[in-house]
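Undergrad:
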Amino acid sequence: MRYGHRPLGGPREHPGDSDGEGRPAVNSLWRQARSFDTTVQLLLVNQLAINLGFYMLMPYLAVHLSGTLVLGAWAVGLVLGLRNLSQQGMFLVGGLLADRFGYRPLIVAGCALRTVGFAALGVVDSLPGLLAASAATGLAGALFNPAVRAYLAAGAGERRVEAFALFHVFYQTGILLGPLVGLALTAVSFPVTCAVAAVLFGLLTLLQLRWLPARKGAADPAGATWREQAGAVLRNRPFWLFAAAMTGSYVLSFQIYLALPLETTRLVGDGTYGTAATSALFVVSGLVALAGQMRITAWCGRTWTPHRCLVAGLALMAAAFLPPALTAGAVPVRGGWEAALALVPLLACAGLLAVATAVLYPYEMDTIVALSGGRWVATHYGLYNTVCGVGITVGNLATGAVLDAGRDAGAAALPWLVLVLVGAGCAGAVAALARSGNLGVTAGAAVRA
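The working numbering puts the first residue of the sequence shown at 1, with every later residue one more than the last.
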């Protein structure tokens, strides 16, 4: 039976949610969000504000460090790398703490710590101080990220897939708006950007202290030791297999930051035109998520089982790299219609990656809950983020090496074809896990359409 037609633990019926033909009567994203309780609404707005604050500051940090503070490239890399390491490396700890002490304290603590970290980045000028502030901002993300996702899953109940689809829309909105706001603020000064970002996180901290109810995982065993909690997650073999199978998808989606900008620069240069072309990749990606996420999730829920949605999303992610492979040998151009035409395959790749992510994300997040059995959900999210973060690091090193090797060997299409194979391998691995029964039963309801 099709998942979207009659899912396990199907969606609650709300008067006025659909017309007689099954189409949504309420098209506004905000009105869809308001169909959830106030806790879920707060978590959605919270994520938009988190990304807004983060992306108004972080894209301009490297320029501040190297320009205003005149740090060497090695020091800039150290500051930025420590932020990433402190976040990726501590996700599991954040998940363990969230399941142990409740989701709300970790969300509040993470926002408060990022307030301090962002404020410090605007005023300190010594390398030790910058490293401490950078580590604080990364640790903050490790504290609140697993907790937010686990709280959203618990608060949405049987409507988890729909909630995670909305979550992705709010998430992408913050990514789109953040750099634009940051650009205007940084034109005044970078410390001003830091101050505004810190104030935003400070307000989030107060908002959640006032309005976010305390909550823990309902199925988490009372009195369990730390070893029992960690052991239950670490021994979850189906979860490990799923995390390993999905890691490649994060490497592929990250290419919008690596392979696509590098190819854009090769084709049109790194001047004003190249900067605008690179920005267009991110705009296309964000707009696809904003305009299409809910429709895509609804269509997938009507058409496929959750596991087929995962496989289809991964297959589409693999196919996204075919257009750049077909034109990888194109001669660099400088401006004009020729440059615009040369960018079409890269924009197509960015758009297809965004569609693939829209297909994957809600069902991916829901599958993690299903594989956890509803127990230690935040710990599972934390470990999943850590595994995928390690995969991104290793995958980017490998991708960079293949890009260089392909260019040196005169086989420009090779890196893109390797990425296609990675996506196909991930799709095959998830399909095999589904056939063998290792993915369990996802219970979150699909979006009604």
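Think of the CB as a built atom: it goes at the ideal place given N, C-alpha and C, for glycine as much as any other residue.
Give me the residue from Pro261, Gly428 and Ala378 with the minimum Cα distance to Leu96.
TA: For Leu96, the nearest C-alpha among the options comes from Ala378.
Undergrad: Which residues mark the beginning and the end of the alpha helix (DSSP H) in which Ile256 is found?
TA: Ile256 -> no alpha helix (DSSP H), and no H or E assigned at all.
Undergrad: Please classify Ser436: does DSSP put it in a helix, a strand, or coil?
TA: coil
Undergrad: Starting from Trp211 and walking both ways along the alpha helix (DSSP H), at which residues does that stretch end?
TA: Phe190 to Trp211
Undergrad: Please determine, among Val333, Val390 and Ala315, the residue with the shortest C-alpha to C-alpha distance to Asp270.
TA: Val333
Undergrad: Would you call the CB atoms of Phe321 and Trp416 closer than 8 Å?
TA: For the pair Phe321 and Trp416, the CB atoms are nearer than the 8 Å cut-off.
Undergrad: If we count the other Cβ atoms within 10 Å of its Cβ and call it buried at 16 or more, is Ser436 buried or exposed?
TA: exposed
Undergrad: Return the residue from the list Ala405, Thr357, Ala340 and Gly374 that minimises the CA-CA distance to Phe164.
TA: Sorting Ala405, Thr357, Ala340 and Gly374 by C-alpha distance to the C-alpha of Phe164 places Thr357 at the top.
Undergrad: Determine the direct distance from the alpha carbon of Leu80 to that of Val116, and round the result to whole angstroms.
TA: 17 Å
Undergrad: Excluding five sequence neighbours on each side, which residues of the same chain lie with their C-beta closer than 6 Å to the C-beta of Pro323?
TA: Pro345, Ala348 and Cys349
Undergrad: Looking at the secondary structure, which residues open and close the alpha helix (DSSP H) in which Val108 lies?
TA: Tyr103 to Leu121
Undergrad: Helix, strand or coil: which one does DSSP assign to Glu21?
TA: With a pLDDT of only 40 at Glu21, under the threshold of 50, the placement of this residue in the model should not be trusted; the figure read from the coordinates follows. Three-state result, Glu21: coil.
Undergrad: Quick check on the burial criterion: 16 or more other C-beta atoms within 10 angstroms. Buried or exposed for Asp125?
TA: The residue is exposed, with fewer than 16 neighbouring Cβ atoms inside 10 Å.
Undergrad: One question on the structure: do Leu310 and Val430 come within less than 8 Å of each other, judged by their Cβ atoms?
TA: yes
Undergrad: Is it true that the CB of Leu439 sits closer than 8 Å to the CB of Pro191?
TA: Their beta carbons are not under 8 Å apart, which means Pro191 does not touch Leu439 by this criterion.
Undergrad: When DSSP labels each residue in this structure, what does Met90 get in the three-state scheme?
TA: coil
Undergrad: At what residue ranges does the region 309-350 contain a whole run of the alpha helix (DSSP H), taking only runs of 4 or more?
TA: 322-326
Undergrad: If you run the structure through DSSP and keep just helix, strand and coil, what is Pro221?
TA: coil
Undergrad: Would you mind working out which of Ala276, Leu353, Thr137 and Phe36 sits nearest Ala340, comparing C-alpha positions?
TA: Ala276
Undergrad: On the CB-based measure, 16 or more other CB atoms within 10 Å of its CB, does Ser134 come out buried or exposed?
TA: buried
Undergrad: Assuming Gly423 contacts Leu414 (C-beta within less than 8 Å), just tell me the rounded distance between them.
TA: Contact flag wrong, Cβ pair sits at about 15 Å.
Undergrad: Report, in whole angstroms, the separation of the C-beta atoms of Pro146 and Gly102, which I expect to be a contact under 8 Å.
TA: Not a contact, Cβ separation roughly 12 Å.
Undergrad: Does DSSP put Val26 in a helix, a strand or coil?
TA: The pLDDT assigned to Val26 is 34, lower than 50, so where the model puts this residue is not dependable, and the model offers no usable value.
Undergrad: Excluding five sequence neighbours on each side, which residues of the same chain lie with their C-beta closer than 7 Å to the C-beta of Leu433?
TA: Leu241, Phe242, Ala245 and Leu439
Undergrad: Within this structure, are the beta carbons of Ala318 and Ala427 separated by less than 8 Å?
TA: yes
Undergrad: Is the region 34-41 touching the region 151-166, taking contact as three or more C-beta pairs under 8 Å?
TA: yes
Undergrad: With distances taken between CB atoms, is the gap from Met365 to Leu185 smaller than 8 Å?
TA: No; because the gap between Cβ atoms is not below 8 Å, this pair is not in contact.
Undergrad: Determine the contact status of Leu52 and Gly174, defining contact as a CB-CB distance below 8 Å.
TA: yes
Undergrad: Does the Cβ of Thr272 have 16 or more other Cβ atoms within 10 Å, making it buried, or fewer, making it exposed?
TA: Sixteen is the threshold: since fewer than 16 other Cβ atoms of the shown chains lie within 10 Å of the Cβ of Thr272, the residue is exposed.
Undergrad: Is Arg104 near Ala214, with beta carbons less than 8 Å apart?
TA: yes
Undergrad: Just confirm the distance between the C-beta atoms of Tyr60 and Thr193, as a whole number of angstroms; I'd bet it's less than 8 Å.
TA: Beta-carbon to beta-carbon, Tyr60 and Thr193 are separated by about 7 Å, close enough to satisfy the 8 Å threshold.
Undergrad: I want to see whether chain C comes within less than 8 Å of Ala142, judged by CB atoms only; does it?
TA: Protein chains in the displayed structure number just one, and chain C is not present.
Undergrad: Judging by CA-CA distance, which residue of Glu263, Leu267 and Thr247 is the nearest neighbour of Gly395?
TA: Thr247
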